[in-house]
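Peer 1: Below you'll find the structure I mean.
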Amino acid sequence: MPQGTRFMGILSVPRSAWNHACHDPQEQTMTYVVRRIEPGEWQQLRALRLEALQDSPSAFGTTYTDAAALADEAWQQQAEQDANSSTSATFVATTLDGHWVGMAGSAPVEVVPGTYCIQGVYVTPAHRGRPGGLAARLVDVAITWARDNTDASWLTLGVHEDNQRAQAFYRRIGFTETGKVVPCRLDPSRKVTILGYEKFRLTTAR
1 MPQGTRFMGI LSVPRSAWNH ACHDPQEQTM TYVVRRIEPG EWQQLRALRL
51 EALQDSPSAF GTTYTDAAAL ADEAWQQQAE QDANSSTSAT FVATTLDGHW
101 VGMAGSAPVE VVPGTYCIQG VYVTPAHRGR PGGLAARLVD VAITWARDNT
151 DASWLTLGVH EDNQRAQAFY RRIGFTETGK VVPCRLDPSR KVTILGYEKF
201 RLTTAR
């Protein structure tokens with residue numbers, strides 16, 4: 001198991017917080033390891049990212065077809081960056097046997113100085129739950145990393161205008177409307193709603 005700053009904690013989710021896809025109705029909790037990815041884990045990164053693009057195609061800034069066509073070297077470079085970069089990071093949730101079931105990242109918004117964003121949030125369907133569960137923990141870890149490792153003053157994320165479920169989830173965990181919308185990268189006729197996290201720096205007002 002990765003040690004040191006890469007290891008972010010263990011999350012035990014009560015069975016009552018699982019959805020109907022719970023595999024073992026007799027088991028009372030499901031335990032996950034939440035950590036930063038390792039440089040050599042490009043195959044796991046590729047597999048989960050491609051799954052995410054198939055499951056939620058409008059939630060990401062690329063298509064499954066384009067991502068699936070990337071060479072192994074591109075995924076290797078991405079994993080190296082996500083693991084070791086001082087300006088961005090990707091975190092995963094794994095089962096105790098090492099199976100990847102969720103991820104979330106934190107990266108700068110290049111066109112808005114001093115701003116970071118939460119990106120690439122995904123939990124595999126069988127492990128989705130309620131607020132306070134796995135998705136919330138992944139987002140919290142990504143927020144904490146940005147707060148502790150950057151001098152960013154503001155943190156945001158973008159949600160497709162049609163994804164009301166995701167918008168409701170992010171509001172429940174503390175994100176609020178900023179009044180800003182931007183064109184969707186894959187379909188500029190559609191909009192992405194920008195939400196902000198006011199608790200990122202409590203002394204920062206926006």
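For the sequence shown, position 161 matches number 161 in UniProt numbering, and the numbering has no gaps at all. We treat Cβ as the ideally placed atom computed from N, Cα and C, and that holds for glycine.
If you scan the region 161-194 from start to end, which runs of the beta strand (DSSP E) of 3 or more residues do you find wholly inside it?
Peer 2: Those beta strand (DSSP E) runs which fall completely within the region 161-194 and span 3+ residues are 175-183.
Peer 1: Need the endpoints of the beta strand (DSSP E) that V112 sits in, please.
Peer 2: Neither: V112 is in no beta strand (DSSP E) and is coded neither H nor E.
Peer 1: Find the nearest neighbour of R185 within the set R36, P57, R49 and G40, judged by alpha-carbon distance.
Peer 2: Among R36, P57, R49 and G40, the Cα nearest to that of R185 is on P57.
Peer 1: Can you name the residues that DSSP bridges to A71?
Peer 2: In DSSP, A71 forms no bridge with anything.
Peer 1: For a test of the three-state rule: what should DSSP assign to H31, helix, strand or coil?
Peer 2: For the sequence presented, residue 31 should be read as Thr rather than His. Note: T31 maps to strand in three-state DSSP.
Peer 1: Check whether the region 187-198 and the region 152-168 are in contact - that is, three or more C-beta pairs closer than 8 Å.
Peer 2: yes
Peer 1: Based on the DSSP secondary-structure assignment, which residues constitute the bridge partners of A89?
Peer 2: S106
Peer 1: Pick from D162, A146 and A166: whose alpha carbon is nearest that of P183?
Peer 2: D162
Peer 1: How is I37 classed by DSSP in three states: helix, strand or coil?
Peer 2: When secondary structure is reduced to three states using DSSP, I37 falls in the coil class, being assigned neither helix nor strand.
Peer 1: Quick one: grab the DSSP three-state call for L45.
Peer 2: helix
Peer 1: How would you label E177, buried or exposed, when you count the other beta carbons within 10 angstroms and need 16 or more for buried?
Peer 2: By the neighbour-count rule (16 or more Cβ atoms within 10 Å), E177 is not buried but exposed.
Peer 1: Tell me which residues share the same chain as L50 and place their Cβ nearer than 8 Å to its Cβ, disregarding the 5 neighbours each side in the sequence.
Peer 2: Y64, A67 and A68
Peer 1: Could you check the C-alpha separation between T94 and V121 for me, to the nearest Å?
Peer 2: 14 Å
Peer 1: For my contact list, Q78 and W42 are in at a C-beta cut-off of 8 Å; report their separation, rounded to the angstrom.
Peer 2: 7 Å
Peer 1: Please state whether DSSP places L155 in a helix, a strand or coil.
Peer 2: Residue state, collapsed to three classes: strand.
Peer 1: With T144 as the anchor, note down where its alpha helix (DSSP H) starts and where it stops.
Peer 2: Residues L134 to N149.
Peer 1: According to DSSP, is T95 helix, strand or coil?
Peer 2: Looking at T95 - three-state DSSP - the assignment turns out to be strand.
Peer 1: List the DSSP bridge partners of V121.
Peer 2: V121 pairs with nothing; no bridge assigned.
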